[in-house]
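Below: one structure, written as C-alpha cells.
Numbering (our numbering), first residue to last: 68 to 269.
As C-alpha cells, then:
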C-alpha cells in the first residue's frame, strides 16, 4: 500500500508538472489562469472521485471503482501519446523575449530571500494542514456514523469549492494583479476551517 502511494505521488507530480509546462509554453503570458485551470481539473477530479467512487463501491464492491478509473486512465494515456502538441517552435521564441537580467528561479535564490521563500512555506503549511484533514476526516466521519456515501459527499463539497474557486480567483488575480489580498483571505478562511475542527465545547 505504501509503495502504491509512492508510485501514485510520482505519477501525479509528473502529470501535473508536464501539463502545466505544456500550457505555459502555449500561453506564456497567463500564469495565474494556467495555474487556475490545471488546479480546476484537479478539483473536478477531486470533487467527482469520492462521490463516484463511493457509488461504484456500493454497486460493485471494492474492485469496480478501480477497474473503471483504470480503464479510463489507460485509454486517456494512449490518446495523450498521439495528441500532445509539438512545442519545439513555441519555446525559443518566447524565451528570447525574456529579460536577460531577470533573476532565475532556483532553490538557492528562493531560500536566500525571505520574501520569496515565505509564499512557498505558506503553501507548504496549507497543504500540510489539508493533508492532515484528508487523512483524519474519513475515520472521524466513520466514527460519527457516516456512511461511505456521506464521506464521499464531504470530499465532494471540498472539491466543488476548490474547482469553482480556482476558476474565479485565477481570473481575478490575472485581471486585478493583486495576489497578496487573495493570499491573506485564503489563509484566513483556512484558519477558520481549523477553528471548527471538533470536538469543540459548543
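Ideal Cβ positions, reconstructed from N, Cα and C, are used throughout, including at glycine.
Inset, instruction - Give the C-beta separation of residue 203 and residue 114 to the nearest angstrom, bearing in mind that I take them to be a contact with Cβ-Cβ under 8 Å. - result: Taking the chain shown and counting its residues from 1, the one referred to as residue 203 is at position 136. Taking the chain shown and counting its residues from 1, the one referred to as residue 114 is at position 47. The Cβ separation is near 20 Å, so there is no contact.
Inset, instruction - Classify residue 192 as buried or exposed, calling it buried when 16 or more other Cβ atoms lie within 10 Å of its own Cβ. - result: Translated into the one-based positions of the chain shown, residue 192 becomes position 125. Exposed, by the Cβ-count rule.
Inset, instruction - Would you tell me roughly how many angstroms separate the C-alpha atoms of residue 221 and residue 116, rounded to the nearest one? - result: For this step, residue 221 is matched to residue 154 along the chain shown. For this step, residue 116 is matched to residue 49 along the chain shown. Rounded to the nearest angstrom, the two C-alpha atoms are 12 Å apart.
Inset, instruction - Please name the residue, chosen from 68, 106 and 110, that lies closest to residue 225 on a Cα-to-Cα basis. - result: Residue numbering aside, residue 225 sits at position 158 when the chain shown is read from its first letter. Out of 68, 106 and 110, 110 has the C-alpha closest to the C-alpha of residue 225.
Inset, instruction - Spatial neighbours of residue 209 within its chain, please: CB distance less than 8 Å, with the 5 preceding and 5 following residues excluded, ordered by chain position. - result: Within the chain shown, numbered from 1, the residue matching residue 209 stands at position 142. 218.
Legend entry - Residue from 251, 89 and 141 whose Cα sits closest to the Cα of residue 153: Sequence index remark: in the chain shown, residue 153 carries index 86 (1-based). If we check each option's Cα against that of residue 153, 89 comes out closest.
Legend entry - Between the CA atoms of residue 238 and residue 105 - distance to the nearest angstrom: In the chain shown, the residue the question calls residue 105 occupies position 38. In the chain shown, the residue the question calls residue 238 occupies position 171. Roughly 13 Å separates the two Cα atoms.
Legend entry - Straight-line gap, residue 124 to residue 139 (C-alpha atoms, nearest Å): Here the question's residue 124 lines up with position 57 in the chain shown. Here the question's residue 139 lines up with position 72 in the chain shown. Spanning the two alpha carbons is a distance of roughly 17 Å.
Inset, instruction - Measure from the alpha carbon of residue 201 to the alpha carbon of each residue in 254, 144, 223 and 185, then state which is nearest. - result: Your numbering for residue 201 matches position 134 in the chain shown. Closest by alpha carbon: 223.
Legend entry - Under the three-state DSSP convention, the category residue 68 falls into: Taking the first residue of the chain shown as 1, we reach residue 68 at position 1. Coil at residue 68, not helix or strand.
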